[in-house]
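Taking it in order: structure first as structure tokens, then the write-up.
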Amino acid sequence: MISIVGAGPGAPDLITVRGAGRLRTADTVIYAGSLVNPAILGLCGDNSSIYNSAELTLEEVMEIMRRDHGAGREIVRLHTGDPSIFGAIREQIDILKKENIPFEIIPGVSSFCGAAASLEAEYTLPGVSQTVIITRMAGHTPVPERENLASLAAHGATMAIFLSAGMLSEVSAALLAGAYTEETPAAIVYKATWPEEKIVHCTVGTLSLAGKAGGISRTALILVGDFLGGSYERSRLYDPGFETGYRKALICRRRESE
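The opening position of the sequence shown corresponds to residue 0 in numbering that gives the first Met the number 0, with each subsequent residue numbered one higher.
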């Protein structure tokens with residue numbers, strides 16, 4: 000069995016219980032060395048063979064999987080965050096299916112969730128934003144034209160922008176071409192939940208200056224939107240006057256008690 004495991008945002012204790020269990024019993028671990036916190040490898044057994052996929056091509060990764068699967072070894076392919084987000088797992092899955100090699104996918108905590116926790120923030124605030132857009136700037140890897148950042152920025156929703164910390168000026172310009180203003184709140188979160196985590200609060204207009212001042216140019220998330228501001232509406236879910244399938248409105252309960 001090959002287990003494709005999400006390592007979580009960085010802190011070793013934020014990997015899932017299932018993912019940690021697979022690492023402890025794995026004979027072979029292939030990890031995304033450019034992004035996965037190496038401290039997580041401390042969960043591996045003493046006799047595990049460990050490979051850094053940052054130094055390998057897809058073909059080389061798959062050859063290790065084929066060889067060790069053929070030898071009856073348990074294999075973990077360890078991706079950062081949750082493997083379904085910018086994890087490049089589809090190309091691996093298609094090869095495994097074609098070759099009838101059994102696999103499973105174990106989800107993980109994405110870095111955008113870890114960043115929100117570090118910011119003590121909620122992405123979906125009533126009256127502010129009920130939509131989170133997860134995206135990236137076009138770089139070495141292009142994005143579909145319909146998904147360019149300026150087009151997505153037209154919605155004015157909460158945005159979590161991955162893999163773009165080295166292009167902060169371009170990110171700012173694209174956001175300003177949409178519904179955001181120079182004063183829209185933003186934050187740059189470097190290595191969310193790692194010991195060396197760094198948070199820089201800024202605005203859309205000051206993204207580039209803030210990144211330079213903080214010495215951040217990679218391994219960071221850019222978070223944008225009024226969810227970082229101070230105004231929002233109270234959730235109706237816990238409002239005394241709101242009735243749900245589990246709780247009657249307070250006025251109804253008072254009438255029933257009279």
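For glycine and all other residues, C-beta sits at the position ideal for the given N, C-alpha and C. None of the values given here were measured: they were computed from a predicted structure.
Counted within 10 angstroms of its Cβ, other Cβ atoms place residue i as buried (16 or more) or exposed
{"i": "residue 241", "result": "exposed"}
{"i": "residue 145", "result": "exposed"}
{"i": "residue 245", "result": "exposed"}
{"i": "residue 16", "result": "exposed"}
{"i": "residue 81", "result": "buried"}
{"i": "residue 64", "result": "buried"}
{"i": "residue 211", "result": "exposed"}
{"i": "residue 180", "result": "exposed"}
Reduced DSSP secondary structure (H/G/I, E/B, other) of residue i
{"i": "residue 76", "result": "strand"}
{"i": "residue 149", "result": "helix"}
{"i": "residue 237", "result": "helix"}
{"i": "residue 135", "result": "strand"}
{"i": "residue 112", "result": "helix"}
{"i": "residue 158", "result": "strand"}
{"i": "residue 19", "result": "helix"}
{"i": "residue 186", "result": "strand"}
{"i": "residue 28", "result": "strand"}
{"i": "residue 230", "result": "coil"}
{"i": "residue 127", "result": "coil"}
{"i": "residue 83", "result": "coil"}
{"i": "residue 197", "result": "strand"}
{"i": "residue 216", "result": "coil"}
{"i": "residue 140", "result": "coil"}
{"i": "residue 202", "result": "strand"}
Straight-line Cα distance separating residue j from residue i
{"i": "residue 7", "j": "residue 84", "result": "11 angstroms"}
{"i": "residue 48", "j": "residue 76", "result": "12 angstroms"}
{"i": "residue 216", "j": "residue 153", "result": "25 angstroms"}
{"i": "residue 316", "j": "residue 226", "result": "Examination of residue 316 is not possible in this model, given that the chain is present from 0 through 257 alone."}
{"i": "residue 130", "j": "residue 233", "result": "17 angstroms"}
{"i": "residue 123", "j": "residue 157", "result": "8 angstroms"}
{"i": "residue 136", "j": "residue 247", "result": "47 angstroms"}
{"i": "residue 53", "j": "residue 236", "result": "45 angstroms"}
{"i": "residue 9", "j": "residue 115", "result": "14 angstroms"}
Residue i: first and last residue of the uninterrupted beta strand (DSSP E) it sits in
{"i": "residue 222", "result": "219-223"}
{"i": "residue 54", "result": "From DSSP, residue 54 is part of no beta strand (DSSP E); its letter is neither H nor E."}
{"i": "residue 104", "result": "102-105"}
Run of the alpha helix (DSSP H) containing residue i, from where it starts to where it stops
{"i": "residue 3", "result": "Taken as a continuous stretch (DSSP letters only), residue 3 belongs to no alpha helix (DSSP H), being part of the beta strand (DSSP E) at 1-5."}
{"i": "residue 171", "result": "167-175"}
{"i": "residue 246", "result": "Unbroken run through residue 246: none, as it is neither H nor E."}
{"i": "residue 95", "result": "89-97"}
Assumed close pair residue i, residue j - CB separation to whole angstroms, cut-off 8 angstroms
{"i": "residue 223", "j": "residue 118", "result": "About 12 angstroms; that fails the 8 angstroms criterion."}
{"i": "residue 264", "j": "residue 220", "result": "This structure gives no information on residue 264, because the portion of the chain shown stretches from 0 to 257."}
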